[in-house]
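Right, one structure below, let's go through it.
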Amino acid sequence: MERCAENLEFEKAARYRDRIAALRKIGDRQKVIFSKVENQDVLGFVTSDKNSVCSMLVFRGGRLVDKQDFLLGEPFALDEMRREFLAQYYTSPDRIPPVITLDGEAADQELLAGLLTDRLGRKVTIHVPQRGEQARLVEMALKNCAQTLSHETDKTGREIAALDELAKTLGLATPPSY
1 MERCAENLEF EKAARYRDRI AALRKIGDRQ KVIFSKVENQ DVLGFVTSDK NSVCSMLVFR
61 GGRLVDKQDF LLGEPFALDE MRREFLAQYY TSPDRIPPVI TLDGEAADQE LLAGLLTDRL
121 GRKVTIHVPQ RGEQARLVEM ALKNCAQTLS HETDKTGREI AALDELAKTL GLATPPSY
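Going by our numbering, 176 is the number at position 176 of the sequence shown; the sequence numbering is gapless.
Written as structure tokens, this is what we have:
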């Protein structure tokens with residue numbers, strides 16, 4: 001960049017400057033996230049008046065190795081949505097982790113855990129954390145959901161997260177619209 005500037009190649013120097021700034025920004029944002037649970041999936045579900053999203057954080061060997069977002073279409077009761085997603089996504093034993101962490105209860109959760117245990121061939125636990133590290137991971141998944149949903153709607157991620165939290169607090173099946 002400096003060499004280009006000395007040679008009066010200002011446009012080329014500006015491109016190098018922008019590339020350096022972009023690399024620094026990526027390095028600053030990159031975080032390595034660990035979990036005390038070796039292998040688990042952490043799922044959050046958020047709905048708006050027209051769409052619903054599931055965000056999955058995949059931990060293997062205690063490290064975050066993947067993040068996936070799923071647009072689920074028309075919203076319906078969250079506990080039913082969780083059950084349907086888990087039953088359809090975890091059809092193959094190689095996808096099923098021993099621990100699945102959810103943002104709320106799934107309909108027929110014990111039955112579902114039994115089904116996944118049979119598919120995997122060893123015990124699968126489905127749980128909803130209330131506090132601690134696992135609850136923070138769920139919050140991260142919910143923020144990812146809100147961001148994905150905000151790209152699909154005209155609302156910001158913060159607005160979607162606030163409406164979703166309001167719906168949970170009031171016991172509503174779907175968030176209120178405005």
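By construction, the Cβ of each residue, glycine as well, lies at the ideal position given by its N, Cα and C atoms.
Sheet register partners of residue i (DSSP bridge)
i	result
C54	F45 and F70
Q88	Bridge partners of Q88: none, in fact.
T101	V42 and H127
L64	F59
Closest residue to residue i among the options (Cα-Cα distance)
i	options	result
L183	R63, G61, R119 and V37	This structure gives no information on residue 183, because the portion of the chain shown stretches from 1 to 178.
D108	R122, P97 and E84	E84
T148	V124, C54 and K12	C54
L137	L43, A22 and E6	L43
D79	A14, E11 and A106	A106
R82	L112, K50, A135 and D49	L112
D66	Q88, T91, R95 and S48	R95
D103	S48, M1, E139 and A14	E139
K168	S48, Y90 and E6	S48
Chain-order list of residues whose beta-carbon lies under 7 Å from that of residue i (same chain, five-residue window excluded)
i	result
E38	G61 and G62
L170	none
Other residues of its chain near residue i: CB distance less than 8 Å, five sequence neighbours each side excluded
i	result
P93	R119, L120 and G121
Q40	F59, P97, P98, V99, I100 and T101
R24	none
Q68	S55, M56 and V58
L8	none
Contacting residues, own chain, Cβ-Cβ under 6 Å from residue i (five flanking each side not counted)
i	result
D164	V46 and P175
R3	none
R29	Below a pLDDT of 50, predicted positions are generally treated as unreliable, and R29, at 49, falls in that range; the measurement from the model is reported next regardless. Nothing meets the Cβ criterion.
K12	C4
A135	P129
I126	I100, Q109 and A113
K182	Only positions 1 to 178 of the chain appear in this structure, which leaves residue 182 out of reach.
M1	A13, Y16 and R17
query: Does the count of Cβ pairs from the region 15-22 and the region 71-82 closer than 8 Å reach three?
result: no
- request: Say whether the region 136-146 touches the region 110-124, bearing in mind that this needs 3 or more beta-carbon pairs closer than 8 Å, one atom from each stretch.
  value: no
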